[in-house]
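Novice: Mind having a look at this structure? Questions to follow.
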């Protein structure tokens, strides 16, 4: 891996007669499978009316790898939509749920 200490404009503040500084080092990279959170079940009334209070339940499954240790939470945002595709211009935001901790691979 090459580390160059140059600014985008090509100017680096250096002492007189000093060239661009660079260094290289060996770096080990381990590839891991990222989490893949998928909504697997949604339960909501088939029809609702303006002003009506409703209950929505859902299940999130992790079909990928474990959540990274440094990711301590995630947020689910719930929208009311006429179809299964999110359209921020047409769908209605209902609320959110925040979760602590990760979701292990294969769990929901």
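In the working numbering, the protein residues as written are 25 to 132.
Cβ atoms here follow ideal geometry from the backbone N, Cα and C, with glycine treated the same way.
1. Can you give me the C-alpha to C-alpha distance between residue 130 and residue 91, rounded to a whole angstrom?
2. When the distance is taken between beta carbons, is residue 104 closer than 8 Å to residue 118?
3. DSSP three-state label for residue 96, please.
4. Measuring CA to CA, which of 86, 65 and 89 is closest to residue 80?
5. Just to confirm my understanding: we take residue 85, look at its own chain, exclude 5 residues before and 5 after, and list those with CB closer than 6 Å. What are they?
6. Between the Cα of residue 102 and those of 116, 72, 94 and 95, spot the shortest distance and give me the residue it belongs to.
7. State the start and end residues of the unbroken beta strand (DSSP E) segment that holds residue 67.
Specialist: Considering the structure as presented:
1. 11 Å
2. yes
3. coil
4. 65
5. 62, 64 and 132
6. 116
7. 61 to 67
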